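In the numbering used here, the protein residues as written are 5 to 355.
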């Protein structure tokens, strides 16, 4: 019989928001790394005055796949040679919950198994205890390198193959994205039984939207004074309201009933484009690079899958009161500045 051991409140019970100011020409490329290290994305919204954002998104973001496969299919030498080694493949088991079910994913060249205690003990592959189960020792994470160790002549490969076939041998429904490793554009995934899924695209035009002027203190310094923090929260809040085309920022709300006021607003004709699907981090990066080159201000919001086993930099991810792992960015190209906001749920190792 297991006993519940509460996790320390100060460490695990609060969501966190990280704010980073980066220079677009800096060699650190902090704004780019944030994008490229977040593999499992299901929605992007871009807010801009440009009327060509939809076309830019269409250049890089396209179809993905729904396919049912066994886990052992992913370690087949032909599969590794034809897909894992050639381009970038990401996969996430669908209709499974990270806090209740066995969840499986591929992040490029790594197979991730986030499983319950019973599955782990039966599986017999070496992993590590998950950081965020409700009961300690009730969940485990196994990571399998699909390149270095997957030689059929090696004992490790044979053991992994045998254990997957013996314990996790049921077909699993996956969302699969197969992308060009350089641009993130979709590449044909010609596995039998794979169904093509087209991302959903919504476009809205909002005349006279109330857009805040990005405060100079956010652009010029990282010194987090109370004023700096307040301005950062205000900008993040505005991006969130703008992505949903809230009346409070569309300029159509009733001042007597709305408690929100856009800080130092300028009225602009804005266009909001949202794409939903399995989205390549590299494709998102390619889109943003093209928009930055146009030298106009724009705002981006990207949502990660709540039930993905990892978030940024392969950090372990789970679900507590929320599975939040999303980011927003405000680009001010004429000042070579990007302000990035990373929002993490309480059960995310990145936080």
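Even glycine gets a Cβ: it sits at the ideal position worked out from N, Cα and C.
Everything numeric in this text was worked out from a predicted model, so none of it was measured.
For residue 192, the closest alpha carbon among the candidates 90, 114, 251 is that of 90. Our two residues, residue 54 and residue 62, have alpha carbons roughly 15 Å apart in a direct line. The Cβ-Cβ distance between residue 94 and residue 181 falls below 7 Å. When rounded, the separation of the alpha-carbon atoms in residue 105 and residue 227 is 43 Å. Straight-line measurement puts the Cα of residue 190 at about 35 Å from the Cα of residue 237. For residue 45, the number of other beta carbons within 10 angstroms of its own is at least 16, and it is reported as buried. For residue 348, the uninterrupted beta strand (DSSP E) run begins and ends at 341–348, by DSSP.
In the DSSP assignment, residue 206 forms a beta bridge with 278. The shortest CA-to-CA distance from residue 135 to any of 332, 333, 119 is the one to 119. Here residue 209 has 275 as same chain residues with Cβ atoms under 6 Å from its own Cβ, once five neighbours each way along the sequence are excluded. Just measuring C-alpha positions, the residue of 297, 334, 285, 348 sitting nearest residue 65 is 285. In this structure, DSSP gives residue 195 a state outside helix and strand, which the three-state scheme calls coil. Here residue 303 is not near residue 201, since their CB atoms are 7 Å or more apart. For the 7 Å CB-CB criterion, residue 101 and residue 311 form a contact.
The shortest C-alpha to C-alpha distance from residue 168 to any of 151, 133, 125 is the one to 125. As summarised for the region 50–110, the continuous alpha helix (DSSP H) elements at least 4 residues long and confined to that stretch are 57–64, 75–78, given in chain order. When the Cα atoms are used, residue 184 and residue 173 turn out to be separated by approximately 30 Å. In the DSSP assignment, residue 330 is bridged to 307, 347. By the Cβ rule, the region 337–347 counts as touching the region 22–35, because three or more pairs are nearer than 8 Å. Here residue 328 is near residue 19, since their CB atoms are less than 7 Å apart.
Taking the CA atoms as reference points, residue 159 sits about 57 Å from residue 338. Runs of the alpha helix (DSSP H) spanning 4 or more residues and lying entirely within the region 234–259 occur at 251–254, in chain order. Distances from the alpha-carbon of residue 103 to those of 56, 318, 314 put 314 closest.
The Cβ neighbour count for residue 57, taken over all protein chains shown within 10 Å, is at least 16; the residue is labelled buried. In this structure residue 162 is exposed. Its beta-carbon is surrounded by fewer than 16 other beta-carbon atoms within 10 angstroms.
Inter-residue distance for residue 97 and residue 146 is about 15 Å (C-alpha atoms, whole angstroms). Comparing C-alpha distances from residue 266 to each of 205, 214, 305 shows the shortest one belongs to 214. Setting aside the 5 residues that flank it on each side, residue 121 is surrounded in the same chain by 142, each with a C-beta closer than 6 Å to its C-beta; the list follows chain order.
Going by DSSP, residue 291 is part of the alpha helix (DSSP H) stretching over 285–297. Between the beta-carbon of residue 245 and that of residue 218 there is about 16 Å, and that puts the pair past the 8 Å contact cut. In this structure, residue 32 and residue 175 do not form a Cβ contact; the two beta carbons are roughly 44 Å apart against a cut-off of 8 Å. Scanning its chain for C-beta atoms nearer than 6 Å, with the 5 sequence neighbours on each side dropped, one finds around residue 198 the residues 69, 71, in chain order.
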